[in-house]
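As structure tokens, the structure follows; a few thoughts come after it.
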Amino acid sequence: MNLGRAQAFMEAVRTQNGSELSRLTSIDRPPGSGGETEKSMLQYVISDPQWRDYFIYNNDYYNYLMKSDLQNAFKSDIEALNILARIAARENKWILPVLKGNAGELCAVAIITGRFTNSNEPLESSARIINRLLNLCLGDREPTMSLSKKYGVYRIMNLLFILYFRLNNRSIARSTLQAVTASSVVLPPFEEFSVSDRCMFLYFKALILISESHYSQAHDALQQSLRLCHRASRNNIRRILVCLVPLRFMLYQIIPSASLYTAFPELEKAYKQLFEAVRAGNITEFDKQIDINKALFFKKNLYLLMRKSKIIVQKRLLICTYQAMDCPTRLPLPAYRAAFAVFGKKITSDELECYLTNLIASGNVKGYISREHAMLILRKTDPFPVPEPSTVESK
Amino acid sequence: NGPVVGTSTEILKPYLRLTSAPDPHKVRPQPVLEKALQYILTSGKADGNYQFACDQLKSIRQDLTVQHIKNKFTVFVYETHARMALEAQDLGEYNQCHSQLKRLYEIPELKDYGKPLEFVAYRILYTLHTQTYTDLHEILGKLSAEEMEDTAVSHALNVAWTIIEDNFVELLSLYKDPPNMNGCLMSCFMYRERVKALAKICKAYRPYIRLSELASMVGYKIVQDFKDDFGSFEMLQDNDDAIIEFKALYPLVEQARNSMRKVDIKGQI
Chain A
1 MNLGRAQAFM
11 EAVRTQNGSE
21 LSRLTSIDRP
31 PGSGGETEKS
41 MLQYVISDPQ
51 WRDYFIYNND
61 YYNYLMKSDL
71 QNAFKSDIEA
81 LNILARIAAR
91 ENKWILPVLK
101 GNAGELCAVA
111 IITGRFTNSN
121 EPLESSARII
131 NRLLNLCLGD
141 REPTMSLSKK
151 YGVYRIMNLL
161 FILYFRLNNR
171 SIARSTLQAV
181 TASSVVLPPF
191 EEFSVSDRCM
201 FLYFKALILI
211 SESHYSQAHD
221 ALQQSLRLCH
231 RASRNNIRRI
241 LVCLVPLRFM
251 LYQIIPSASL
261 YTAFPELEKA
271 YKQLFEAVRA
281 GNITEFDKQI
291 DINKALFFKK
301 NLYLLMRKSK
311 IIVQKRLLIC
321 TYQAMDCPTR
331 LPLPAYRAAF
341 AVFGKKITSD
351 ELECYLTNLI
361 ASGNVKGYIS
371 REHAMLILRK
381 TDPFPVPEPS
391 TVESK
Chain B
1 NGPVVGTSTE
11 ILKPYLRLTS
21 APDPHKVRPQ
31 PVLEKALQYI
41 LTSGKADGNY
51 QFACDQLKSI
61 RQDLTVQHIK
71 NKFTVFVYET
81 HARMALEAQD
91 LGEYNQCHSQ
101 LKRLYEIPEL
111 KDYGKPLEFV
121 AYRILYTLHT
131 QTYTDLHEIL
141 GKLSAEEMED
151 TAVSHALNVA
161 WTIIEDNFVE
171 LLSLYKDPPN
181 MNGCLMSCFM
191 YRERVKALAK
201 ICKAYRPYIR
211 LSELASMVGY
221 KIVQDFKDDF
231 GSFEMLQDND
241 DAIIEFKALY
251 PLVEQARNSM
261 RKVDIKGQI
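Residue numbers (full-length UniProt numbering), protein chains in the order written: chain A, 1 to 395; chain B, 1 to 269.
Rendered as structure tokens:
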């Protein structure tokens, strides 16, 4: 008989102690808390049937976990959360730690179970119940904001993002984000949410923006996320950098220094040789590097971004040519064409003019092409400025 | 409600949107539908008459739907209609057929029978037309190595890259001899790309150019075709040797670009 635990549970409920209740229902509950609970006696300790059912399912979840029976643990956890959702509908902000804690654990169990059974089903059913929790928080009718469950919105939404991205379904993630931001629901100010909630939210928001090709906004969101990210969360910093590095390159024409790769050797494979090619103006190597890492870039929705950045390498090659010829204001087109040949790329004069047209039209080169003389006429001062990031995206 | 079992033997049947439960006497079973499709394809009545073909095909599709027939024949019908719709530039109908095909290809036997790769290529090109990059990213994220090797798909991918990189010269080259009906979809956005290229040309070149040479730069072998496609530009409706000043042309092109509205995803179910 383990009524002591039931009593502690009920005490937390009675005093509306969310963090204590969260601890008691989590995997980190005090040791010796397992074991069967005499159900017939339970009704005397926990009179409310909903709380009682939740307690039982949560207990089952814990016991199965201790026996390493993942699938049954997961099933019980889903049941527990279904009931918790119903309970939470009539409770206010105090219940948030329980919601967040339980939902977070459900996610973790779902991911592991899914991997173990090689199926998406746990992720999908978790997403359904957590979506319900999100709507619960969003639709909270508590008039006093400081008591409102709306303070749970970002954490729960982040859990959904984690699941949807694992399911490789960015479009549902996108619609979830849209539904929340477009709704007329008034949320507490963003700054009042925890640092970790904000950091993760901004990260996922940026990933969604990248899939929409809204690169400038994505960059800003990622920057903010990085600033909020805890210094010790190395994996999270790495995840942010994987996307931030190419964005900074495309928008600001800045390449990372060698210290990035010493700090994050995982980024070396994708980026080191690529950016070395950029520095040298080596357009063939750049193309090759993008192709080598094609699968990774496709997966992270970075491929289009990399292709769009090719113009910067062409610019770099032009600058190298310009400097090699002692900075002339009139640069013969064949000279630029020869530069491509240096790196093994044979192009027609039409293609060459096409690249130059793009460079000039995008503001990367200040000058014009004279077809008559087969020359590029350049402005004397600062002929190769870096255009405003906001102009990079516009088509 | 279970599937209807049709009894009609009509080869030709006009399309009528269903407002109530279908009448089995008016619905045709598969053998009749096969004859109907054969008639459309071989009788010659559909030649140059897309309205007729579309109408009959929609009717066949409807009969298949109410009878819950989802087999090789269904795939063939939808693929046929999709291709005809592309040829006729009926994107609304093409989109409907394509959405259905996506679902049908999920059935393993049908995927092997139909031409899913041909339609992956169309899907890619369609996103370029509507400029919905979320869809393009999604397709890329799910492309298998086998799909990427396919001729039609890799052609469509190359078109995508040229548009992302603004490589207009390469785009024209890919437009010359596209596989399957990739060209039909490219036709949907070629004008938009030409106008974009023209705007950039006006910014990058100085001081002027002969009209015929400009036409060639925008990818026209026949100058008159250029004048026709760009009929709203009075400045370009001149003789072939006329001198066009880039600075003067630029504002007209920019205006045209601004007035090009974004394409809606048409006709999706």
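Every residue, glycine too, gets a C-beta built ideally from N, C-alpha and C.
Because the structure is a prediction, the values reported are computed rather than measured.
Within the region 348-372 of chain A, those residues whose Cβ lies closer than 7 Å to any Cβ of chain B are, in chain order, D350, E351, C354, L356, T357, N358, I360, A361, Y368, I369, S370, R371.
Assignment of B/Y208 by DSSP, reduced to helix, strand and coil, places it in the strand class. Residue range 330-332 is occupied by the beta strand (DSSP E) that includes A/P332. Residues S76, E79, A80 of the same chain have their beta carbon placed closer than 6 Å to that of A/Y57, with the five preceding and five following residues left out of the count. Taking C-beta atoms as the reference points, A/Y164 and A/A127 count as a pair closer than 8 Å. The beta carbon of A/K310 falls within 8 Å of a beta carbon belonging to chain B, placing the residue at that interface. In this structure A/P188 is in contact with A/Y151, their Cβ atoms being roughly 6 Å apart against a cut-off of 8 Å.
Under the 8 Å criterion on CB atoms, A/N282 is classed as non-interfacial with respect to chain B. Listed along the chain, the chain B residues whose CB falls inside 7 Å of the CB of A/E212 are Y133, T134. The region 195-210 of chain A and the region 218-231 of chain A touch, with no fewer than 3 CB-CB distances between them shorter than 8 Å.
In the structure shown, the three-state DSSP call for A/G367 is strand. Distance from B/L101 to B/Y78 at the Cβ level is roughly 5 Å; contact confirmed, criterion being Cβ atoms closer than 8 Å. Proximity of chain A to B/E138 at the Cβ level (cut-off 8 Å) is accounted for by R170, S171, S211, in chain order. The DSSP-derived three-state label of B/E106 is coil. As the crow flies, the alpha-carbon of A/P246 is around 29 Å from that of A/I156. By the criterion of a C-beta distance shorter than 7 Å, B/F189 is surrounded in its chain by L128, H129, once the five residues flanking it on both sides are discounted. When Cβ-Cβ separations below 8 Å define contact, A/R174 makes contact with chain B.
Legend: CB atoms of the region 286-309 of chain A lying less than 8 Å from CB atoms of chain B belong to residues F298, K299, N301, Y303, L304, R307, K308. One finds T357, Y368, I369, S370, R371 in chain A with Cβ atoms closer than 8 Å to the Cβ of B/Y205, taken in chain order. Pairing B/L214 with B/P207, the inter-Cα distance amounts to about 13 Å. The beta carbon of B/G92 does not come within 8 Å of any beta carbon belonging to chain A, so the residue lies off that interface. It is roughly 20 Å from the alpha-carbon of A/E124 to the alpha-carbon of A/D69. Against chain A, the CB of B/G141 has a partner CB under 8 Å away; the residue lies at that interface.
Not a single C-beta of chain A is nearer than 8 Å to the C-beta of B/D241. If you draw a 10 Å sphere on the C-beta of A/E105, you find 16 or more other C-beta atoms in it, and that means buried. In the three-state reduction of the DSSP assignment, A/I56 falls in the helix class, which pools H, G and I.
DSSP places A/M375 within a strand segment (E or B) once states are collapsed to three.
Nearest CB-CB separation between B/I124 and chain A: not below the 8 Å threshold. DSSP, read as helix, strand or coil, puts B/E146 in helix. About 19 Å separates the CB atoms of B/Y39 and B/K72; that is not less than 8 Å, and the two are not in contact. Taken atom to atom, the span from the alpha-carbon of B/I69 to that of B/A53 is near 21 Å. With 16 or more other CB atoms across the displayed protein chains lying within 10 angstroms of its CB, A/C137 is buried. Inclusion of B/V159 and B/M186 in the CB contact set at 8 Å is warranted, their separation being smaller than that value.
The beta carbon of A/F264 sits closer than 7 Å to those of R238, L241, all from its chain and outside the five residues before and after it, given in chain order. Among the residues of chain A, those whose CB is under 7 Å from the CB of B/F168 are C354, following chain order. Closest option to A/I112, judged by alpha-carbon separation, among A/L65, A/N158, A/F249: A/L65.
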